[in-house]
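*Asks:* Add 19 to a position in the sequence shown, counting from 1, and you land on the number used in the working numbering.
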Amino acid sequence: MTLWWARRDLRLADNPALLQAQADGPTAAAFAWTPALHLWSGRRRAHLARVLWSLREDTGGALAIRRGAAADVIAAAAREADAPVVWAAREHTPSGVREQDAVQRALHAEGRELRFVGSPYAIAPGRVLKTDGTPYQVFTPFSRAWREHGWRSPAGAADPQRFRPLDSDVDLDQQAAHGDTADPLESRHEFRESQVLADLHSFVDSDLPRYAAERDRPDLDSTSHLSVPLAYGQLHPRTVLALTGQVRTDAARMFESEIAWREFHGDVLHHHPSAQRESLTPVMPEDAWATGREADASFLAWRRGETGFSLVDAGMRQLAATGIMHNRVRMVTASFLVKDLHLPWQRGADHFRRSLLDYDHAQNQLNWQWVAGTGRDAAPFFRVFNPDVQADRFDPDRRYRQRWIPELDTPGYPMPMLDHRVEREVALAHLRQGKRPS
Ligand code: FAD
Numbered sequence: 020m021t022l023w024w025a026r027r028d029l030r031l032a033d034n035p036a037l038l039q040a041q042a043d044g045p046t047a048a049a050f051a052w053t054p055a056l057h058l059w060s061g062r063r064r065a066h067l068a069r070v071l072w073s074l075r076e077d078t079g080g081a082l083a084i085r086r087g088a089a090a091d092v093i094a095a096a097a098r099e100a101d102a103p104v105v106w107a108a109r110e111h112t113p114s115g116v117r118e119q120d121a122v123q124r125a126l127h128a129e130g131r132e133l134r135f136v137g138s139p140y141a142i143a144p145g146r147v148l149k150t151d152g153t154p155y156q157v158f159t160p161f162s163r164a165w166r167e168h169g170w171r172s173p174a175g176a177a178d179p180q181r182f183r184p185l186d187s188d189v190d191l192d193q194q195a196a197h198g199d200t201a202d203p204l205e206s207r208h209e210f211r212e213s214q215v216l217a218d219l220h221s222f223v224d225s226d227l228p229r230y231a232a233e234r235d236r237p238d239l240d241s242t243s244h245l246s247v248p249l250a251y252g253q254l255h256p257r258t259v260l261a262l263t264g265q266v267r268t269d270a271a272r273m274f275e276s277e278i279a280w281r282e283f284h285g286d287v288l289h290h291h292p293s294a295q296r297e298s299l300t301p302v303m304p305e306d307a308w309a310t311g312r313e314a315d316a317s318f319l320a321w322r323r324g325e326t327g328f329s330l331v332d333a334g335m336r337q338l339a340a341t342g343i344m345h346n347r348v349r350m351v352t353a354s355f356l357v358k359d360l361h362l363p364w365q366r367g368a369d370h371f372r373r374s375l376l377d378y379d380h381a382q383n384q385l386n387w388q389w390v391a392g393t394g395r396d397a398a399p400f401f402r403v404f405n406p407d408v409q410a411d412r413f414d415p416d417r418r419y420r421q422r423w424i425p426e427l428d429t430p431g432y433p434m435p436m437l438d439h440r441v442e443r444e445v446a447l448a449h450l451r452q453g454k455r456p457s
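#1: What do you reckon, are the CB atoms on W24 and A107 nearer than 8 Å?
#2: Consider the C-beta atom of H345 and the heavy atoms of ligand 1; say whether any pair is separated by less than 7 Å.
#3: Restricting to Cα atoms, I'd like to know which of I93, A100, H370 and Y140 is closest to A121.
#4: DSSP on A108, reduced to helix/strand/coil?
#5: Does F401 pass the burial test, meaning 16 or more other C-beta atoms within 10 Å, or should it be called exposed?
#6: I'd like to know if the segment 324-333 and the segment 426-444 are in contact, where contact means that at least 3 CB-CB pairs between them fall below 8 Å.
#7: Touching or not, the segment 217-230 and the segment 239-253, by the rule of three or more beta carbon pairs under 8 Å?
#8: Pull up the distance between the alpha-carbon of H290 and that of G152, whole angstroms please.
#9: If you measure from the CB of Q382, is any heavy atom of ligand 1 nearer than 7 Å?
#10: Using only alpha-carbon positions, find the residue among P173, T159 and R296 that is nearest to E167.
#11: Going by other Cβ atoms of all chains shown within 10 Å of its Cβ, with 16 needed for buried, is G80 buried or exposed?
#12: Using the Cα positions of A164 and Q156, report the straight-line distance between them to the nearest angstrom.
#13: For V390, tell me which candidate among Y378, N405 and V351 has the shortest Cα-Cα distance.
#14: Can you tell me whether G115 is buried or exposed, with buried defined as 16 or more other CB within 10 angstroms of its CB?
#15: Measure the CB-CB distance between P406 and F355 and report whether it falls below 8 Å.
#16: Quick check on W308: does DSSP put it in helix, strand or coil?
#17: Report the residue from D218, D33, R98 and L148 whose alpha carbon sits nearest the alpha carbon of A176.
#18: Please determine whether the Cβ atom of H57 lies at a distance below 7 Å from any heavy atom of ligand 1.
#19: Given a cut-off of 8 Å on the beta-carbon distance, is the pair E110 and R183 in contact?
#20: Who are the Cβ neighbours of L299 in its own chain at under 7 Å, not counting the five residues just before and after it?
#21: Please state whether DSSP places A49 in a helix, a strand or coil.
#22: Since A90 and A125 are thought to touch, with beta carbons under 8 Å apart, how far apart are those beta carbons, to the nearest angstrom?
#23: Run through DSSP, which three-state label would A102 get?
#24: Examine ligand 1 and report whether any of its heavy atoms sits within less than 7 Å of the Cβ of T242.
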C-alpha cells in the first residue's frame with residue numbers, strides 16, 4: 020500500500036502526487052489538521068472543513084483527517100497503512116518547506132520515503148530562470164519566459180475505487196459550524212470539486228469575454244472567484260490554463276497574465292523566503308512607521324471599516340462579512356494602511372491572513388509588498404492611491420459601497436479620519452528620508 024499526503028492539493032482531478040500513489044497500488048490518504056489552523060478565522064477553517072468533507076466523500080470515506088503536526092500524523096498513517104513510500108506535492112513557502120522536511124525526517128527514521136511530484140503552480144517555483152541561471156526580479160520578462168517554458172497538459176482524475184480507508188479524529192461537522200453560513204455570499208464559495216470545475220467552465224464560457232473591461236469594477240463583481248479553490252488546491256492552475264488556452268481573445272491573455280502573477284509571487288518567495296516578513300526593498304527608515312497607541316487606534320478604524328473613506332470602509336466590511344475582497348479594493352485598502360496611516364505593511368498582511376478565505380502566503384505577502392512599494396517589482400512608493408478618486412472611478416454608481424455601508428449617505432457615517440493630501444505628503448517625506456544616504 021502507498022500513502023498520499025493531502026496538502027494544498029485537495030482534489031482528485033489532475034493531481035500528480037495522488038496519481039503516482041495510485042500507480043504504486045492501493046492508496047491510503049491522510050491530511051494533517053495542524054495546530055497552525057487555529058490561527059485562522061473560524062470562517063476560513065470552516066471552509067477548509069467543508070472542502071475536506073467533500074474530498075472525503077469523493078474518496079468513498081477513505082481520507083483520514085487527523086489532528087497533530089504533519090510529521091506525527093503522516094508518520095503514524097504510513098505506519099498503519101504499512102506504506103514504504105508516501106507521495107506529496109512539494110510546497111515552496113518557508114513553513115511548507117519546514118513541514119515537509121520534518122515529515123521526511125520522521126519517515127526516514129522508520130525506513131520510509133517521502134517522494135514529491137507536482138506543486139501548486141503550473142511551473143514549479145525555481146524552474147523559470149534567466150539565461151544566466153539567475154531568477155527574474157521583474158514580472159514582465161518572467162511572464163514571457165514562463166509562457167515560453169510552457170506546462171504539461173492536465174492529467175486525468177484519480178480512481179475513487181483505489182483508496183483504502185484510515186480513521187479520522189477531526190469532527191468536520193463541528194469545524195464547519197464555525198463558519199458564518201448565514202452569510203449570503205458564503206454559498207458562492209462552493210466546496211465540492213465537481214462544482215468548482217463546473218464554475219470554471221461557466222466562467223470561461225460566459226464571463227471571460229467581459230473580464231478585460233470589467234475586472235477592476237467591484238460593483239460588477241465579474242472576476243472568476245477562482246482564488247478560493249486555487250488556495251486549497253481544489254483546482255490546479257494548469258487545469259485553468261488548459262481551458263483559457265483554447266480561447267483566442269485579449270481577455271483570455273489578460274486573465275492568464277493574472278495567473279502568471281500568482282506564479283511570479285510563488286517564484287519570488289521561493290528565491291527570497293525572508294520576503295514573507297521583510298521588505299525586499301526597504302523604502303523608508305524603520306522608525307518612520309507609526310507605532311504606539313495612536314497607531315493602534317488607526318489600525319482599529321481601518322480594520323472595522325470606520326475610516327470615513329467609503330471605498331476603504333466598504334472593502335474592510337466586505338472582508339469582515341465574507342472573507343473576500345475584490346482585488347482593486349485590496350489595493351486601495353492596503354495603500355491606505357501603508358501610505359495614509361503609515362502603518363507597516365506586515366500589520367495589514369497579518370489581518371488579511373486571519374480573514375481571507377483565499378489566503379495564500381506568497382500572494383498575500385508579495386501583493387502587500389507590491390502596494391507598499393517595497394517589492395522588487397512593485398508599484399513605486401511615490402505612487403499613492405487616492406481613495407476618493409479610486410472610488411469614483413471603479414464604483415461610479417456607488418453600488419458596491421452602498422451594499423457594504425448601509426449608513427453611507429446618513430449622518431451616522433463617520434467623517435474622513437484624515438486629510439489624504441496631507442498624509443500623502445507625509446508618506447513622500449518619509450520616502451525622501453529613506454532615500455537619503457545615512
Ligand atoms: P481574477 O481576477 O478572476 O483572477 C484570476 C486568478 O488570477 C486569481 O484567482 C488569482 O489566482 C490570480 N490573481 C489575480 N490577481 C492576482 C494578483 N494581484 N496576484 C496574484 N495572483 C493574482 N490572492 C490570493 O489568491 N490570495 C491572497 O492571500 C491574496 N492577497 C492579496 C493581498 C493584497 C493586498 C492584494 C492587493 C491582492 C491579493 N491577492 C491575493 C490577489 C488578488 O486580489 C486575488 O487573487 C483576487 O482578488 C482573487 O479574485 P478572483 O479569483 O476573482 O480573481
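From the three backbone atoms N, C-alpha and C, an ideal C-beta is built for every residue, glycine too.
*Replies:* So, from the listed chains and residues:
#1: What you label residue 24 is simply residue 5 of the sequence shown in a count that begins at 1. What you label residue 107 is simply residue 88 of the sequence shown in a count that begins at 1. Their beta carbons are under 8 Å apart, which means W24 touches A107 by this criterion.
#2: As a working mapping, residue 345 is identified with position 326 in the sequence shown. Yes, ligand 1 has a heavy atom inside 7 Å of this Cβ.
#3: Residue mapping note: residue 121 aligns to position 102 of the sequence shown, counting from 1. Ranking I93, A100, H370 and Y140 by Cα distance to A121 puts I93 first.
#4: Residue mapping note: residue 108 aligns to position 89 of the sequence shown, counting from 1. Correct three-state label for A108: coil.
#5: The residue given as residue 401 occupies position 382 in the sequence shown. Exposed, by the Cβ-count rule.
#6: yes
#7: yes
#8: Counting from one through the sequence shown, the residue named residue 290 turns up at place 271. Counting from one through the sequence shown, the residue named residue 152 turns up at place 133. Near 12 Å, if we compare the C-alpha coordinates of G152 and H290.
#9: Walking along the sequence shown from the start, residue 382 turns up at place 363. Q382 Cβ: within cutoff of ligand 1.
#10: Translated into the one-based positions of the sequence shown, residue 167 becomes position 148. Nearest C-alpha to E167: T159.
#11: Residue mapping note: residue 80 aligns to position 61 of the sequence shown, counting from 1. Per the 10 Å Cβ criterion, exposed.
#12: Position 145 of the sequence shown holds residue 164. Position 137 of the sequence shown holds residue 156. Between A164 and Q156, the C-alpha separation is close to 12 Å.
#13: Here residue 390 refers to the residue found at position 371 when the sequence shown is read from its first residue. Comparing Cα-Cα distances from V390 to each of Y378, N405 and V351, the minimum goes to V351.
#14: Residue numbering aside, residue 115 sits at position 96 when the sequence shown is read from its first letter. The residue in question, G115, is buried, as its Cβ has 16 or more Cβ neighbours within 10 Å.
#15: Position 387 of the sequence shown, counting from 1, holds the residue named residue 406. Position 336 of the sequence shown, counting from 1, holds the residue named residue 355. Taking 8 Å as the Cβ cut-off, P406 and F355 qualify as a contacting pair.
#16: In the sequence shown, counting from the first residue as 1, residue 308 sits at position 289. Coil at W308, not helix or strand.
#17: Within the sequence shown, residue 176 is the residue found at index 157, counting from 1. Nearest C-alpha to A176: D33.
#18: Numbered from its first residue, the sequence shown carries residue 57 at position 38. Checking every heavy atom of ligand 1 against the Cβ of H57, none is found closer than 7 Å.
#19: Taking the first residue of the sequence shown as 1, we reach residue 110 at position 91. Taking the first residue of the sequence shown as 1, we reach residue 183 at position 164. Not in contact: E110 and R183 (Cβ atoms no closer than 8 Å).
#20: Here residue 299 corresponds to residue number 280 of the sequence shown, with the count starting at 1. Hits under 7 Å: H291, Q388, T393, G394 and R395.
#21: Here residue 49 refers to the residue found at position 30 when the sequence shown is read from its first residue. Strand.
#22: Translated into positions along the sequence shown, residue 90 becomes position 71. Translated into positions along the sequence shown, residue 125 becomes position 106. Between A125 and A90 the Cβ distance is about 4 Å, and since that is below 8 Å, they are a contact.
#23: Within the sequence shown, numbered from 1, the residue matching residue 102 stands at position 83. If DSSP states are grouped into helix, strand and coil, A102 belongs with coil.
#24: Working through the sequence shown from its first residue, we reach residue 242 at position 223. Yes, since a heavy atom of ligand 1 falls inside the 7 Å radius drawn around the Cβ of T242.
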